[in-house]
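Be aware that the sequence shown starts at 15, since it is given in the numbering used here, and climbs by one per residue.
Have a look at the structure below before the remarks.
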Amino acid sequence: MPAADQKGQKEKVKADKALADHKIKASVKHLNIYIKLVSKSKLSDSEKALLISQAEENLAWFMQMNQDVQTATMPELVHNIATDVDMHSDILESDIKRNAGLLTSDSIDQKIAAARDVSALAEQKIAAAGLDADTTLKLNRLLADYNGHIDAAAQHTEAAKANFNNITSPVDSDHYYNAGYAELQQAEKELNLAYADLKELYRILLGAR
């Protein structure tokens, strides 16, 4: 083989190994983060076990590919491994983005459910306080504003889930993940505004006693 061809072949092998190394490291990092997210989620133990088992199978596959590509010397074999790793990594990343987004949405749904319970309790406390009409009106307005923020948070969370569920391939994963994440940020913002209303409500309620 001419020297120029040998040099080009070596450079191709080096590039393929670099691609595989980069994709493997990124995938391992994403899988470990995902496993922690699943572990901390409110899913049932059986659901957690299933998702973690699937993630660990993917980890094992990438670690095997890492070993294979490091020891491979034939250009065609190195290229095939790198191609497989590249494709598998992209598919995995889109799956993780969808599932991680939905898990985060579920955690915000739980905050919203808890906030609605607090709303019902606050309404009872206002009714039972027996305060003057002006104070009662102010408290009810704060409660209405609080409920409005909670409703808005719920709407943003539903929009986020719709975006995450639209992630079906690596081609559209970034677009829908970023859109979903932006909706979750808005949901969190609405929850913070709701908590501010609640804090003011209880400040007035407790101060009026």
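Cβ coordinates follow ideal geometry from the N, Cα and C atoms, glycine included.
Nearest in C-alpha terms to residue 190, of all of 66, 110 and 75, is 110. Distance from the CA of residue 145 to the CA of residue 183, rounded to the nearest whole angstrom, comes to 58 Å.
Shown here, residue 118 sits in a helix according to DSSP, grouped into three states. As the crow flies, the alpha-carbon of residue 188 is around 37 Å from that of residue 158. Scanning its chain for C-beta atoms nearer than 8 Å, with the 5 sequence neighbours on each side dropped, one finds around residue 195 the residues 115 and 174, in chain order. Within the model, the alpha-carbon separation for residue 204 versus residue 167 is close to 5 Å. Taking a cut-off of 8 Å on C-beta distances, the segment 27–41 touches the segment 92–106, as three or more cross pairs fall below it. The shortest CA-to-CA distance from residue 200 to any of 98, 169 and 61 is the one to 169. In the DSSP assignment, residue 180 falls outside any alpha helix (DSSP H) and carries neither an H nor an E.
When DSSP states are grouped into helix, strand and coil, residue 97 belongs to the helix group. For residue 203, the enclosing alpha helix (DSSP H) stretches over residues 184–221. In the same chain as residue 132, and ignoring 5 residues on each side of it, no C-beta atom comes closer than 6 Å to its own.
Counting the other Cβ atoms within 10 Å of the Cβ of residue 77 gives fewer than 16, which makes it exposed. The segment 150–164 and the segment 81–98 do not touch, with fewer than 3 CB-CB distances between them shorter than 8 Å. For residue 180 and residue 113, the gap between their C-alpha atoms comes out near 11 Å.
Counting every other CB atom within 10 Å of its CB across the protein chains shown gives residue 118 a total of 16 or more, marking it as buried. Taking every protein chain shown into account, the CB of residue 197 has 16 or more other CB atoms within 10 angstroms, so this residue is buried.
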